[in-house]
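S.K.:
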């Protein structure tokens, strides 16, 4: 990702203030890109709208998401009172999608935040201290990278027992290595710069150097990668629930809804299709947003 | 070259040991242990204890690990709780089917992704480029299991073109045509994400290469654009694509769990899914270990292949 490159012809120490301001500059750069690009704005709007609908589900949802009504089973979309139809138990699909969004978004976003924090900590320690510490951490990361992500998550959840918290924990564990590797490489770049040496010669201790000089350099790559990772994790979390390892019925969640809708695919296509579209839209929006942020921060890569 | 290969192989050993440790420990964090599962809910404490002793579960953890790993190294992964059959045979048997699916998807991904990336890069900013970039973005954001369901809905239930489950027809011709017919939808579903990633990387890598000096030289010599792209730029541009294939192999192996579940494809993924449902831990453990080892080997192979095509790698180590 975008490790800050030294500016040609300028002594490395001179751009230290620019790098220090990286975290603040991030917001300004992101906003400039956002204003210029309507697709990016639409993606952000879509994410905010879905989050809004999920948060306000108790107020906005027309029906109780878990209340079954056998008289109106498998109503097609467009039925009066049930805009998106009902599922095989007669539960309102629109209400379930709204309530399900709360869980799907939490399971998709919280593990990314946790693994970003955890991965940053691991990456900073490995990159900053180097030597045996770095070698050990890198080895452990290599081992975790040797598993296909979903397989490792499956093994962890199946061992702990299927539940939404265990699913989130598994996703977090699986996502930490990529963040750690990303942060480690930015730290290696930052550590070699003159301003770190200058800080040390002024008597700054390790923790001060890490917090003041190293961490700010890892912020923007982590935010960009985290945004893209969220797009993936939304799908990943839904996949675990789809396999029955996440949310347990009758709780509404997009992946679980898809799995339930599978059984009535031939007679009521909408039951499985609607939550699928939601997963796709949210994931797509996060991917567009992540790509946009990356282009904003690293114009050389934009094509 | 030989030195490089040997060095890479040796470097893989600690990773394999780590992988076996992770698989072993994952199965140890379970509340309760295999003896309780095996004994069933009605068993008395003494019965459980007896089974525990017979399985060696009363020994210290490191003894259990060494025993398990040395047996695994000899191809003995224990017995499935559910079917009381040797795990090794069970997983290897099913793994062949997963391999068929994964290879077919890999071929499709390359056949779709690489040409799409090339066309995109050579027609930069055209409608073709935008369409291909958009398609790659969509492919990347598509939940595999949902794509599978949509394929079933459209091509299987509506148009009745392809079967929605299994590997062979129950009654019918069998053989390769039947297999390919059953393979079409699962392979198309599974290749979505890798095709999207390949298209993206091929595009950006070829765009980079097209701006290099040697390409300008080739153009200055008066070569046709097609020749410049194919003979000069493409070779170098495809190097990063090669590395990516290793990573995507992991995706194909992992994603097969979802696709096999959707299409009832009788592969290792479906077996693992069933085993998790039945809490058949030796089977989960064995299957996970097999997939991880295969993944490590594929990456080793890709590394070596990379060194073959790019001599710079060999001299760095």
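Chains as they are written, first to last, in the numbering used here: chain B, 107 to 409; chain H, 1360 to 1676. Ideal Cβ placement from N, Cα and C applies to all residues, glycine included.
Counting only beta-carbon atoms, is residue 389(B) nearer than 7 angstroms to chain H?
M.R.: At least one chain H Cβ lies under 7 angstroms of residue 389(B).
S.K.: Is there a Cβ of chain H sitting closer than 7 angstroms to that of residue 118(B), yes or no?
M.R.: Any answer about residue 118(B) is weak, because its pLDDT of 39 lies below 50 and its placement is not dependable; what the coordinates show is given next. No, because no Cβ of chain H sits closer than 7 angstroms to the Cβ of residue 118(B).
S.K.: Hey, does residue 272(B) have any beta-carbon neighbour from chain H nearer than 7 angstroms?
M.R.: Residue 272(B) does not count as touching chain H.
S.K.: With a threshold of 7 angstroms between beta carbons, is residue 1491(H) in contact with chain B?
M.R.: It does not: the Cβ of residue 1491(H) has no partner Cβ on chain B nearer than 7 angstroms.
S.K.: Pairing CB atoms from the stretch 290-300 of chain B with CB atoms from the stretch 225-234 of chain B, are three or more of them under 8 angstroms?
M.R.: Contact between the stretch 290-300 of chain B and the stretch 225-234 of chain B is present, because at least three Cβ pairs lie under 8 angstroms.
S.K.: So who's on the other strand from residue 1438(H), going by DSSP bridges?
M.R.: DSSP, once it has assigned bridges, lists 1445(H) as partnering residue 1438(H).
S.K.: Which residue from 393(B), 395(B), 390(B), 374(B) puts its Cα closest to that of residue 1516(H)?
M.R.: Of 393(B), 395(B), 390(B), 374(B), the residue nearest in Cα terms is 374(B).
S.K.: Between which two residues does the alpha helix (DSSP H) holding residue 169(B) run?
M.R.: Neither: residue 169(B) is in no alpha helix (DSSP H) and is coded neither H nor E.
S.K.: Would the stretch 372-391 of chain B count as touching the stretch 337-352 of chain B if we require 3 or more Cβ pairs under 8 angstroms?
M.R.: Verdict: yes, contact present.
S.K.: Residues of chain H with CB closer than 7 angstroms to the CB of residue 414(B), please, in chain order.
M.R.: This structure cannot settle anything about residue 414(B), because the visible part of chain B is limited to 107 through 409.
S.K.: For residue 192(B), name the three-state secondary structure that DSSP assigns.
M.R.: Correct three-state label for residue 192(B): strand.
S.K.: With 16 other CB atoms within 10 Å as the buried threshold, where does residue 141(B) fall?
M.R.: With fewer than 16 Cβ atoms within 10 Å of its Cβ, residue 141(B) is classed as exposed.
S.K.: For residue 1378(H), I'd like the list of residues in its chain whose CB is within less than 6 angstroms of its CB, leaving aside the five on either flank, ordered along the chain.
M.R.: Answer for residue 1378(H): 1651, listed in chain order.
S.K.: For residue 193(B), decide whether its Cβ has a neighbour in chain H, counting only Cβ atoms nearer than 7 angstroms.
M.R.: No, because no Cβ of chain H sits closer than 7 angstroms to the Cβ of residue 193(B).
S.K.: Taking only three categories from DSSP, how would you classify residue 185(B)?
M.R.: In the structure shown, residue 185(B) sits in a strand (DSSP, three-state: E or B).
S.K.: Are the C-beta atoms of residue 341(B) and some chain H residue less than 7 angstroms apart?
M.R.: Interface residue, yes.
S.K.: Quick one: residues in its chain with C-beta nearer than 8 angstroms to the C-beta of residue 193(B), no 5 flanking neighbours on either side, listed in chain order?
M.R.: Closer than 8 angstroms at the Cβ level, and outside the excluded window around residue 193(B), lie 179, 180, 199, 202, 363, 366, 367, 370, 374, 377.
S.K.: Taking Cβ positions, are residue 259(B) and residue 280(B) nearer each other than 7 angstroms?
M.R.: Result yes, Cβ atoms of residue 259(B) and residue 280(B) sit closer than 7 angstroms.
S.K.: For chain B, find out if any of its Cβ atoms is closer than 7 angstroms to the Cβ of residue 1613(H); answer yes or no.
M.R.: Chain B contact via Cβ: present.
S.K.: Any idea if residue 1433(H) is buried or exposed, counting beta-carbon neighbours within 10 angstroms, 16 or more meaning buried?
M.R.: Residue 1433(H) is exposed by the Cβ-count criterion.
S.K.: What residue does the alpha helix (DSSP H) around residue 336(B) start on, and which one ends it?
M.R.: Where residue 336(B) is concerned, the enclosing alpha helix (DSSP H) stretches over 321-348.
S.K.: Could you say if the stretch 1448-1458 of chain H and the stretch 1535-1543 of chain H meet the contact criterion of at least three C-beta pairs nearer than 8 angstroms?
M.R.: Counting Cβ pairs under 8 angstroms, fewer than three are found: no touch.
S.K.: Return the residues of the stretch 234-254 of chain B that lie within a Cβ-Cβ distance of less than 8 angstroms from chain H, sorted by chain order.
M.R.: Listed by position, the residues of the stretch 234-254 of chain B near chain H (Cβ gap below 8 angstroms) are 245, 246, 248, 249, 250, 252, 253, 254.
S.K.: For residue 1657(H), I'd like the list of residues in its chain whose CB is within less than 7 angstroms of its CB, leaving aside the five on either flank, ordered along the chain.
M.R.: Closer than 7 angstroms at the Cβ level, and outside the excluded window around residue 1657(H), lie 1605, 1608.
S.K.: Is it buried or exposed, residue 278(B), if we count other Cβ atoms within 10 angstroms and call 16 or more buried?
M.R.: With 16 or more other Cβ atoms within 10 Å, it is buried.
S.K.: Output, in chain order, the set of chain H residues within a Cβ distance shorter than 9 angstroms of residue 320(B).
M.R.: Within 9 angstroms Cβ-Cβ: nothing; residue 320(B) doesn't reach chain H, min ~27 angstroms.
S.K.: Per DSSP, which one or two residues make a beta bridge with residue 198(B)?
M.R.: Note: residue 198(B) sits in a beta bridge opposite 192(B).
S.K.: Counting along the chain, where does the alpha helix (DSSP H) carrying residue 180(B) start and finish?
M.R.: Neither: residue 180(B) is in no alpha helix (DSSP H) and is coded neither H nor E.
S.K.: CB residue 335(B) to CB residue 218(B), shorter than 7 angstroms?
M.R.: A contact, by the Cβ cut-off of 7 angstroms.
S.K.: Using a Cβ-Cβ cut-off of 6 angstroms (strictly less than) and excluding sequence neighbours within five positions of residue 1645(H), which residues of its own chain qualify?
M.R.: Excluding sequence neighbours, residue 1645(H) sits near 1436, 1446, 1450.
S.K.: What are the boundary residues of the alpha helix (DSSP H) that includes residue 1666(H)?
M.R.: Residue 1666(H) -> alpha helix (DSSP H) spans 1640-1668.
S.K.: Look up residue 138(B) in the DSSP assignment and say whether it is helix, strand or coil.
M.R.: Residue state, collapsed to three classes: helix.
S.K.: Check each candidate in 223(B), 160(B), 285(B) and name the one with the smallest Cα separation from residue 250(B).
M.R.: Ranking the options by Cα distance to residue 250(B), first place goes to 285(B).
S.K.: With DSSP collapsed to three states, give me the class of residue 359(B).
M.R.: Three-state DSSP puts residue 359(B) in coil, outside helix and strand.
S.K.: Give the single residue among 401(B), 397(B), 380(B) whose Cα lies nearest to the Cα of residue 190(B).
M.R.: Closest option to residue 190(B), Cα to Cα, is 380(B).
S.K.: To the nearest angstrom, report how far apart residue 145(B) and residue 1444(H) are at their CA atoms.
M.R.: Cα to Cα, the separation comes out at about 55 angstroms.
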